[in-house]
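Novice: In the numbering used here, the protein residues as written are 2 to 223. The structure that follows is given in the form of structure tokens.
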């Protein structure tokens, strides 16, 4: 309840105080509206459904912004169905909308329609290394071959490589998106669906930190 509402219920206050309260309330309403417009708009139900779909996908890890984008798309698809008398549950009779929304949103990140230049690719790798070694993430990362970064494992990192102690290698190329693997020849590769941008590199770094800390289990064995 706003200050102006409290004033109406309680003793009469000075007019200037009331005007100030009204102004504060108006500012709050504007801020809330701007946040709703600028940020993704999706329901909790849609986000939970997309998260569940992401866990069932083999071979790909998803950045938060990609999950939110997919949830926003799913929310819109469900809303369109409701206008035609089709509930969210009824979609499941013939199609997996959460997985479909996630796939179409993630695809451009994994397979860009336009190849990046060498300069753009190396810049992205630099952003990634800076994010990985930042105070917030706190991982040990060194330049790897071509456009990649080698990330030191921890005691909690899943076993990988011939002896189970391989470090991780994270990279991006001109014609594909982010990926991660154990730094061992023949190791399975995981795609990381995330924007090819500085912000995207930061999200990739957060995913790598979670993997190094053992918070994701062993996604290579899904």
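Each residue gets a CB set at the ideal place from its N, CA and C atoms; glycine is no exception. It should be emphasised that the depicted structure is a prediction, and the values quoted were computed from it without experimental measurement.
Which one or two residues does DSSP pair with residue 224 in a beta bridge?
Specialist: Residue 224 lies beyond the range of the chain shown here (2 to 223); nothing can be said about it.
Novice: Mind reading off the beta-carbon distance from residue 101 to residue 191? Whole number of angstroms is fine, and I expect it under 8 Å.
Specialist: If you number the chain shown from 1, residue 101 lands on position 100. If you number the chain shown from 1, residue 191 lands on position 190. About 21 Å; that fails the 8 Å criterion.
Novice: If you follow the beta strand (DSSP E) that residue 152 is part of, which residue opens it and which one closes it?
Specialist: Residue 152 sits at position 151 when you count from the first residue of the chain shown. Residue 152 -> beta strand (DSSP E) spans 149–152.
Novice: To the nearest angstrom, report how far apart residue 206 and residue 108 are at their CA atoms.
Specialist: Within the chain shown, the letter at position 205 stands for residue 206. Within the chain shown, the letter at position 107 stands for residue 108. When rounded, the distance between both Cα atoms is 20 Å.
Novice: If the criterion is Cβ atoms closer than 8 Å, does the pair residue 1 and residue 183 meet it?
Specialist: This structure cannot speak to residue 1, because the chain is shown only from 2 to 223.
Novice: Do residue 173 and residue 209 have their beta-carbon atoms positioned less than 8 Å apart in this structure?
Specialist: Here residue 209 refers to the residue found at position 208 when the chain shown is read from its first residue. Here residue 173 refers to the residue found at position 172 when the chain shown is read from its first residue. Result no, Cβ atoms of residue 209 and residue 173 do not sit closer than 8 Å.
Novice: From which residue to which residue does the beta strand (DSSP E) around residue 109 run?
Specialist: The count along the chain shown starts at 1 and reaches residue 109 at position 108. Here residue 109 belongs to no beta strand (DSSP E); instead the alpha helix (DSSP H) covers 98–111.
Novice: By the three-class DSSP mapping on this structure, what secondary structure does residue 182 have?
Specialist: Residue mapping note: residue 182 aligns to position 181 of the chain shown, counting from 1. The three-state reading of DSSP puts residue 182 in strand, counting E and B together.
Novice: So is residue 49 buried or exposed if we call it buried at 16+ other beta carbons inside 10 Å?
Specialist: Numbered from its first residue, the chain shown carries residue 49 at position 48. Per the 10 Å Cβ criterion, exposed.
Novice: In this structure, does DSSP put residue 78 in helix, strand or coil?
Specialist: If you number the chain shown from 1, residue 78 lands on position 77. In this structure, residue 78 counts as helix in the three-state DSSP scheme.
Novice: Roughly how many angstroms lie between the CA atoms of residue 185 and residue 158, to the nearest whole one?
Specialist: Walking along the chain shown from the start, residue 185 turns up at place 184. Walking along the chain shown from the start, residue 158 turns up at place 157. Spanning the two alpha carbons is a distance of roughly 15 Å.
Novice: Use the C-beta contact count for residue 99: other C-beta atoms within 10 angstroms, 16 or more gives buried, fewer gives exposed.
Specialist: Position 98 of the chain shown, counted from the first residue, corresponds to residue 99. Result: buried.
Novice: In its own chain, which residues sit with a C-beta less than 6 Å from the C-beta of residue 188, not counting the 5 before and 5 after it?
Specialist: Within the chain shown, residue 188 is the residue found at index 187, counting from 1. 182, listed in sequence order.
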